[in-house]
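Every position in the sequence shown, counted from 1, becomes a number in this note's numbering once 6 is added. A virtual CB, placed ideally from N, CA and C, is assigned to each residue, including glycine. Here the structure is a predicted model, which is why all the values come from computation and not from measurement. The next block holds one structure in the form of structure tokens; read it before the comments.
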Amino acid sequence: MRYYSADCIYPISQAPIKNGVVALDDQGVITSIGKKEAFASQNIHHTKGIILPGFINTHCHLELSHLKGKVGTGTGLIDFLKKVVAFRDTDPAFILQRIKEEDAYMLQEGIVAVGDISNSIDTTLTKKNSAIRYYTFVEMFDFMQSSMTQATIQQYEEVFKAHEANEKNNKSKVPHAPYTVTSSLMKFIAEQSTPADTISIHNQETPPENEFLETKTGAFNAFFKHFGFNNVDLEPIGNSAIHYPMAYLNPKSKTLFVHNTQTTKEDIEAAQQWSDKVYWATCPNANLYIENALPNYQWFLDNNSKMTIGTDSLTSNWQLSIWEEIKTINKFQSYIPHQDLFKWACLNGAEALSFDDQLGSLEVGKKPGIVSIELDYNDGDFNIQGTQAKRLDL
Ligand SMILES: [Zn+2]
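Shown next, in the form of structure tokens:
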């Protein structure tokens with residue numbers, strides 16, 4: 007048995023416990039949690055500050071870890087995508103090495119599960135051997151070209167087969183974004199999904215995305231021409247971009263909309279009316295890296311939205327750390343209570359990936375991982391800037 011205590015413990019599923027203790031068995035499963043007095047005779051490992059459950063990174067592209075630092079900041083999404091697509095011919099051994107290193111880094115940073123976008127099979131071995139649980143989103147796109155839909159499906163069926171689903175890891179087929187997936191590919195993906203699945207999609211990350219779906223005008227036309235596509239098989243929908251996937255995807259599956267910097271109050275309401283299983287993944291550092299923008303979090307709070315947090319990939323971030331994402335949100339929109347941010351990073355993320363049977367909260371019977379943040383607790387009036395996350399129970 008191991009006993010961890012801190013100035014305050016955040017179970018997430020219940021109110022914070024000042025001077026709390028969490029007890030783990032040798033497998034890391036929580037056997038009890040409560041006030042320190044109840045554990046008086048035990049050998050307790052106390053850390054200054056707070057204790058949280060392990061974090062859930064709901065949006066990552068682990069396979070792109072070798073591209074860290076290769077693309078400049080502040081270019082906007084369209085130029086960013088052009089640059090990422092242009093990278094080729096990296097040594098395969100280096101790609102695999104970087105995947106392994108970043109999986110290990112995420113574990114050190116207190117991350118216990120990852121929703122990971124995969125276009126390739128590069129991450130399969132690391133995921134199989136990792137202490138982190140993975141939900142692999144095999145991501146499909148046909149560049150809005152009906153002539154490419156069948157070949158796209160065939161290509162990604164192979165990738166899907168190569169990724170493992172078992173008692174630890176899961177997988178699903180997902181669309182890349184509203185602007186890269188034809189209606190026939192959206193339909194295919196929707197038909198493949200079941201109510202048990204989570205479907206992730208990049209959403210409303212740049213203003214031209216809304217313009218393109220609504221009227222088929224704007225900067226995305228030049229983007230397609232850049233890749234040699236003069237015709238784009240899109241019927242403009244006369245509405246914002248989020249309405250396009252909603253017209254096809256299965257509202258009975260969980261849907262994880264990712265980024266949402268251009269999502270309006272009306273979009274949030276429409277999506278949550280469409281399905282009661284909508285989750286919103288925010289990746290603040292990636293949004294600042296690419297577009298120098300952030301979502302308006304107040305609108306999501308006003309609508310009781312189920313927020314989760316992701317890092318996106320190392321093409322558009324400085325590190326894969328959920329604690330760094332929390333600090334960034336707190337830095338720029340500090341009106342959001344700490345407790346809300348912790349819920350986004352832990353329990354909401356675990357629910358979005360259906361890993362909440364084991365992860366996301368400090369509850370008896372769960373094995374969520376124990377994360378310490380050393381800080382001056384100051385009776386709840388604490389500052390998280392400048393702090394670091396440390397996994398205690400490894
Ligand atoms: Zn992404």
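Endpoints, beta strand (DSSP E) assigned at residue i
i    : result
I36  : I36 to K41
N176 : N176 to P181
K396 : A395 to R397
I342 : Here I342 belongs to no beta strand (DSSP E), and DSSP marks it neither H nor E.
I376 : I376 to I379
N209 : T204 to N209
Boundaries (first-last residue) of the alpha helix (DSSP H) holding residue i
i    : result
I15  : Looking at the DSSP string, I15 is not in any alpha helix (DSSP H); the run it does join, the beta strand (DSSP E), is R8 to I15.
L335 : According to the sequence shown, residue 335 is Ile rather than Leu. Its alpha helix (DSSP H) spans residues I328 to F338.
K312 : Note, K312: premise wrong, no alpha helix (DSSP H); beta strand (DSSP E) at K312 to I315.
H169 : From DSSP, H169 is part of no alpha helix (DSSP H); its letter is neither H nor E.
Y295 : P290 to I296
G26  : Element bounds for G26: not the alpha helix (DSSP H) but the beta strand (DSSP E), G26 to L30.
I195 : S189 to Q198
D318 : First-last for D318: undefined, no H or E at that position.
L307 : Y303 to D308
G386 : Run containing G386: none; DSSP gives neither H nor E here.
A46  : A46 -> no alpha helix (DSSP H), and no H or E assigned at all.
G366 : Careful: G366 lies outside any alpha helix (DSSP H) and carries neither H nor E.
G355 : G355 to A358
Closest Cα partner of residue i within the set the options
i    : options                   : result
L255 : I274, R104, P59 and S281  : S281
I376 : A202, K179 and L398       : L398
D85  : A228, T317, A44 and A29   : A228
A358 : N135, A119 and A253       : A119
A276 : N309, A292 and N298       : N309
D128 : D273, V165 and D387       : V165
I390 : D363, F338, K222 and F361 : F338
F230 : L87, N293 and E69         : L87
F218 : G26, Y250 and N125        : Y250
K41  : G55, H52, G26 and L30     : G26
F306 : I342, M252, E297 and A351 : I342
I296 : T212, M252, N336 and L326 : T212
P301 : L326, N336 and S327       : N336
G116 : F233, S327 and P257       : S327
T267 : K222, V238 and N216       : N216
T221 : I207, D239 and H232       : D239
S360 : V91, L400, K260 and V264  : K260
A395 : G355, V370 and F348       : F348
M95  : L70, E107 and R8          : Reading off the sequence shown, one finds Asp at residue 95, where the question assumed Met. When each option's Cα is compared against that of D95, the closest is L70.
L30  : Q20, Y9, E43 and S19      : Y9
S153 : N237, P184 and P214       : N237
S11  : G392, T393, S340 and E380 : E380
A351 : A21, V370, M313 and G371  : M313
K89  : G78, D97, L262 and A99    : G78
V180 : A168, E163 and E170       : E163
E170 : P184, T130, I138 and S136 : T130
L294 : A202, H265, Q304 and A253 : H265
A292 : S124, G234 and H208       : H208
K133 : L68, A183 and K167        : L68
S206 : S124, K372 and K271       : S124
G224 : F233, H232 and P214       : P214
H232 : G55, V28, P374 and V91    : V91
Q304 : V284, K283 and K271       : K271
G355 : I39, I18 and T155         : I18
(request) Would you be able to state if there are at least three C-beta pairs under 8 Å between the stretch 142-160 and the stretch 178-188? (result) yes
(message) Which complete alpha helix (DSSP H) runs does the stretch 48-86 hold, if anything under 4 residues is left out?
(response) none
(request) Note down, one range per segment and in chain order, each beta strand (DSSP E) of at least 3 residues found wholly within the stretch 100-162. (result) 117-124 and 139-146
(message) Contact between the stretch 67-84 and the stretch 32-42 is defined here as three or more beta-carbon pairs at a separation below 8 Å; is this criterion met?
(response) no
(message) Could you check whether the stretch 161-179 touches the stretch 132-146, counting it as contact only if at least three pairs of C-beta atoms, one from each stretch, sit closer than 8 Å?
(response) yes
(message) Count Cβ pairs between the stretch 285-295 and the stretch 325-335 that sit closer than 8 Å; are there 3 or more?
(response) yes
(request) Could you pull out every unbroken beta strand (DSSP E) segment of at least 3 residues lying fully inside the stretch 221-283, listed in chain order? (result) 260-265
(request) Say whether the stretch 194-214 touches the stretch 102-112, bearing in mind that this needs 3 or more beta-carbon pairs closer than 8 Å, one atom from each stretch. (result) no
(request) Could you tell me whether the stretch 79-99 touches the stretch 48-58, using the rule of 3 or more Cβ pairs below 8 Å? (result) no
(message) With a threshold of 8 Å, are at least 3 pairs of Cβ atoms found where one atom belongs to the stretch 378-387 and the other to the stretch 302-320?
(response) no
(request) For the stretch 241-248 and the stretch 264-278, state whether three or more C-beta atom pairs, one from each stretch, are separated by less than 8 Å. (result) yes
(message) Contact between the stretch 51-63 and the stretch 362-377 is defined here as three or more beta-carbon pairs at a separation below 8 Å; is this criterion met?
(response) yes
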